[in-house]
Amino acid sequence: YFLAPIMMMLPALCVAAVIPFGHEITIGNYTTRLVIADLPIGVLYVLALTSVGVYGIVLAGWASNNKYSLLGGLRSSAQMVSYELPMGFAIVAALMISSAKGASSMSLVSLVEAQQGGFWNWNFLWWGPVGLLAFATYWICGIAETNRAPFDLPEAETELVAGYHTEYSGMKFAMFFLAEYANMLNVGALATTLFLGGWHAPIPIEFLPATGFFVYLKALGPVCWFGAKVAFFIWAYYHLRATWPRLRYDQLMRFTWKRLLPVSLANVLVVATLVTLRSAKPLAASPTPGAAPPAAPASNAPTPPPGATAPGNAPAEGAVGAPPSLPAPGGNAPAPNPVAPANAPGRPSRGGR
């Protein structure tokens, strides 16, 4: 009962540690990134921690010893597990799109750097409807993961009083609500990082001079752009809460298993095919069986006359056929060639001895 609020709050805070909200900044002799921990497996870290929150909800519903709390916990856990599958496929699609643009790891920083250059390089606009479909799938699943309207079935007041919150009050109840709003910020920040270019501006501003006021603009501008994008997603949360009615539980589960999951899986297959075709290299033409090998290219060097020696192939001094060396001025005559021709007169051959 006391552990459930902690198990809800702790993963929500740990996820925020790997989300980058700005590029590198230099202060004096130090250069740092605006992220707490730039992990090379940042995406896996996020997926692992978001699934831990399910245990806190199940534990809260069971430990409250209340039938409404138990039903609310079961509803919420089934909903979160069901919507994690299409959300994971949408994130995989974003990873493959980023890898096609040069991302070398699952670090969230590398995913943002692969989207620089303007809004036309952001993942949700890459390859037309493919990136847009992955973004829409992620956003819908993010709303369901945070139990917000129109997917707030675990807290349906007319059916379950307050769901798994029924027996909680005081600071424990506040921790549940803080975890819910922290997860809303995390979903918006991850959507910004994976699909909307992170801290990059829609139109690059590298043409501005790095003097005067523009120095501060280049340092604080990326942070402001990141905050504006996350604020847009928070506004979308409240807009949906005020405009869409709550779904029935059977509609909620049918929508994810019969609509979102097949669409997200097909989208991953399409993205994988496009990435493979983009990175494929044309194969070299294989030789036809029985065909003659190609002739060597003719050299443009002139052919030496008969008896002449090609440059670089002159015989060494002292060898058979080498020209006699001339004496140096004022020096001794060169020694005679020790190698005599075979069967020379005056020297019998080996067979004559």
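Last residue of the sequence shown: number 977 in our numbering, and the count goes up by one each step with no gaps. Yeah, the Cβ is synthetic: ideal placement off N, Cα and C, and Gly gets one too. Remember, it's a predicted structure, so these values are computed and weren't measured experimentally.
Beta-bridge partners of residue i, as assigned by DSSP
i    : result
T656 : I649
Opening and closing residue of the alpha helix (DSSP H) in which residue i lies
i    : result
A640 : Counting along the chain, A640 falls outside any alpha helix (DSSP H), and DSSP gives it neither H nor E.
F819 : 794 to 819
W686 : 666 to 687
G752 : Careful: G752 lies outside any alpha helix (DSSP H) and carries neither H nor E.
M877 : 873 to 879
V695 : Here the sequence assigns Leu to residue 695, which means Val is not the residue at that position. Counting along the chain, the alpha helix (DSSP H) containing L695 begins and ends at 691 to 724.
L898 : 885 to 903
L735 : 732 to 737
Residue burial classification, residue i (beta-carbon count within 10 angstroms, cutoff 16)
i    : result
G652 : exposed
G942 : With a pLDDT of 48 at G942, under the threshold of 50, the modelled position of that residue is not reliable, and the figure given next carries that caveat. The residue is exposed, with fewer than 16 neighbouring Cβ atoms inside 10 Å.
K691 : exposed
W750 : buried
P710 : buried
W744 : exposed
P629 : buried
I665 : exposed
L627 : exposed
A813 : buried
K882 : exposed
I643 : buried
Q848 : A small fix is needed here, since residue 848 is Cys in this sequence, not Gln. C848 is exposed by the Cβ-count criterion.
W859 : exposed
M704 : buried
T817 : buried
A896 : exposed
G752 : exposed
G955 : Reliability of the predicted coordinates at G955 is poor, the pLDDT of 49 falling under 50, and no value is obtained from them.
F856 : exposed
Anticipated Cβ contact below 8 Å, residue i with residue j, distance rounded
i    : j    : result
G677 : M632 : 6 Å
A815 : W763 : 6 Å
G646 : W823 : 5 Å
G787 : S693 : 7 Å
L673 : P635 : 4 Å
N689 : A718 : The Cβ separation is near 42 Å, so there is no contact.
Y873 : R699 : 7 Å
K725 : A738 : 4 Å
L884 : T761 : 6 Å
L864 : A773 : 6 Å
G696 : P778 : 5 Å
F775 : I767 : 6 Å
L820 : K853 : 5 Å
L735 : S722 : 5 Å
N891 : L757 : 5 Å
P846 : G741 : Actually they do not touch by this definition, with Cβ atoms about 14 Å apart.
I649 : A843 : 6 Å
V659 : N810 : About 14 Å separates the two Cβ atoms, so there is no contact after all.
V894 : V716 : The Cβ separation is near 12 Å, so there is no contact.
Chain D within 8 Å of residue i, Cβ atoms only
i    : result
A640 : Here chain D cannot be found, since the structure has a single protein chain.
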